[in-house]
Amino acid sequence: MNKKVTENYERLAQRTGLKLDRETNALFGARGGYDLVVYAADSNRPYLFTILLSAKRDADPLDKQEIREFVKANGAILSLSQKGTSILAQMKGITDQARLGDALEEALQALTAFVQRQGFLNCCQMCGEETELGSYFIGGSYMHLCQSCFDKKKGEISLKAQGRARKKENLIGGIAGALIGSAIGAVIIVLLGQLGYVAWISGAVMAVCALKGYELLGGRLSVRGIVISVVCMILMCYLGNRIDWAIFVAKELDVSFADGYTLIPLLLDEDIIAGGSYYGNLAVVYLFCIIGAVPTILGILSGQKEAEKIHTIK
Ligand SMILES: [Zn+2]
Numbered sequence: 000m001n002k003k004v005t006e007n008y009e010r011l012a013q014r015t016g017l018k019l020d021r022e023t024n025a026l027f028g029a030r031g032g033y034d035l036v037v038y039a040a041d042s043n044r045p046y047l048f049t050i051l052l053s054a055k056r057d058a059d060p061l062d063k064q065e066i067r068e069f070v071k072a073n074g075a076i077l078s079l080s081q082k083g084t085s086i087l088a089q090m091k092g093i094t095d096q097a098r099l100g101d102a103l104e105e106a107l108q109a110l111t112a113f114v115q116r117q118g119f120l121n122c123c124q125m126c127g128e129e130t131e132l133g134s135y136f137i138g139g140s141y142m143h144l145c146q147s148c149f150d151k152k153k154g155e156i157s158l159k160a161q162g163r164a165r166k167k168e169n170l171i172g173g174i175a176g177a178l179i180g181s182a183i184g185a186v187i188i189v190l191l192g193q194l195g196y197v198a199w200i201s202g203a204v205m206a207v208c209a210l211k212g213y214e215l216l217g218g219r220l221s222v223r224g225i226v227i228s229v230v231c232m233i234l235m236c237y238l239g240n241r242i243d244w245a246i247f248v249a250k251e252l253d254v255s256f257a258d259g260y261t262l263i264p265l266l267l268d269e270d271i272i273a274g275g276s277y278y279g280n281l282a283v284v285y286l287f288c289i290i291g292a293v294p295t296i297l298g299i300l301s302g303q304k305e306a307e308k309i310h311t312i313k
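My numbering applies: residue 0 is where the sequence shown begins, and numbers increase by one.
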């Protein structure tokens, strides 16, 4: 997060009496007897806040009517939902810092007053016990947990991480998986290409297919696996583009697909297919593949890291 946003977060923390957790950039603290975490679910939109608290009541969960009335009465709130003991309020996006501070303060007051009025008590998100809670970022999400649930959850996650690390990587299986996956991606590129449609989504699909293929048959996705998957993607993009052209040539010259495929270098040499449009098209496929694949790969890597992260918010 950049310095400016951090400074703004610090101001918001001061304004609301919450604290800023430097590692997750979440604001946290207790308000009106409830443990709260305020965070931006999408780091690209740092001022679009979600407020999480963990509470339960003896009566049924919040009903539509209660939610509607709360949202209607509070201008800064976009939506409110309850899943088990998690109560999530989504705020509207406000970039004006002075207004955002006021809006967050209002939202916190309104939300805590509302849940209190509705008979909710602060409780552990997992076991529901009304006891002292800690706030954590664990397994990729924010949670309010009692000590024993935290220990349990921590155990589960480190066990899973150990399992993943111990899992042997099967290189041959991985290569086969990446090839099959990227071939499926190539088929999709060809199909979309035949429809006259080339887009970053083809690249994203190609990347997901190749990486998932590697993980599925290779046992786990390592950095080596990612490199191999990328090589498969490069090959399959080339192949996909050539097949796309071969179909075109076969149709235009009324020859078989195989002839169309083998004729392409000759047609390029003779300038019957303009090199510019053939390689231009290939470049576009590669470009879209990069645009689609890079965020997919980064997403998988950070997702893996996040899923194994155990962090106490303090
Ligand atoms: Zn618990």
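All C-beta atoms, glycine included, are put in the ideal place defined by N, C-alpha and C. What you are looking at is a predicted structure, and each value in this text was computed from that prediction instead of being measured.
Return the chain-ordered list of same chain residues with a C-beta closer than 6 Å to the C-beta of residue i, the five sequence neighbours on each side being excluded.
i: C231; result: A177, L178, S181 and A209
i: K82; result: none
i: F119; result: A54 and R56
i: L61; result: Q81
i: A109; result: N73
i: V37; result: L26, F48 and I50
i: Y260; result: A245
i: C148; result: C123, M125 and C126
i: M0; result: N24
Flag this pair as yes or no: are the beta carbons of residue i and residue j separated by less than 8 Å?
i: Q146; j: S85; result: no
i: A203; j: G239; result: no
i: K152; j: I137; result: yes
i: T295; j: V207; result: yes
i: L87; j: T49; result: yes
i: T23; j: H310; result: yes
i: L194; j: V114; result: no
i: R10; j: G100; result: yes
i: A12; j: K18; result: yes
i: Y237; j: L281; result: yes
i: Q96; j: N7; result: yes
i: I188; j: M205; result: yes
i: L216; j: A257; result: no
For ligand 1, I want to know if residue i counts as a neighbour, meaning its beta carbon is within less than 7 Å of at least one of the ligand's heavy atoms.
i: M125; result: yes
i: L316; result: No answer is possible for residue 316: the residues shown for the chain start at 0 and end at 313.
i: S85; result: no
i: L144; result: yes
i: E128; result: yes
i: S140; result: no
i: S134; result: no
i: C208; result: no
i: S147; result: yes
Leaving out five residues on either side along the sequence, give the residues of the same chain with a beta carbon under 7 Å from the beta carbon of residue i.
i: D20; result: F27, I312 and K313
i: G92; result: R44, Y46 and L47
i: R163; result: R219
i: Y285; result: C236
Rounded to whole angstroms, how far is the Cβ of residue i from the Cβ of residue j, which I believe are closer than 8 Å?
i: V248; j: I263; result: 7 Å
i: G139; j: G173; result: Not a contact, Cβ separation roughly 25 Å.
i: G291; j: I183; result: Going by Cβ atoms, the distance from G291 to I183 rounds to 14 Å, so no, they are not a contact pair.
i: M90; j: L79; result: At roughly 10 Å, the Cβ-Cβ gap does not stay under 8 Å, so M90 and L79 are not in contact.
i: W244; j: Y277; result: 6 Å
i: L107; j: L35; result: 7 Å
i: E168; j: S221; result: 6 Å
i: G275; j: L267; result: Contact doesn't hold; Cβ gap of about 10 Å is too wide.
i: I156; j: E305; result: Rounded, the Cβ-Cβ distance is 11 Å, inconsistent with contact.
Using a Cβ-Cβ cutoff of less than 8 Å, which residues in the same chain neighbour residue i once the five nearest sequence positions on both sides are dropped?
i: G16; result: G28 and R30
What ranges does the alpha helix (DSSP H) occupy inside the region 224-278, keeping only unbroken runs of at least 4 residues that lie completely in it? The DSSP assignment places 256-268 as complete runs of the alpha helix (DSSP H) inside the region 224-278, in order along the chain (cut-off: 4 residues).
Which residue spans inside the region 63-147 form an unbroken alpha helix (DSSP H) run of at least 4? 63-72 and 96-116
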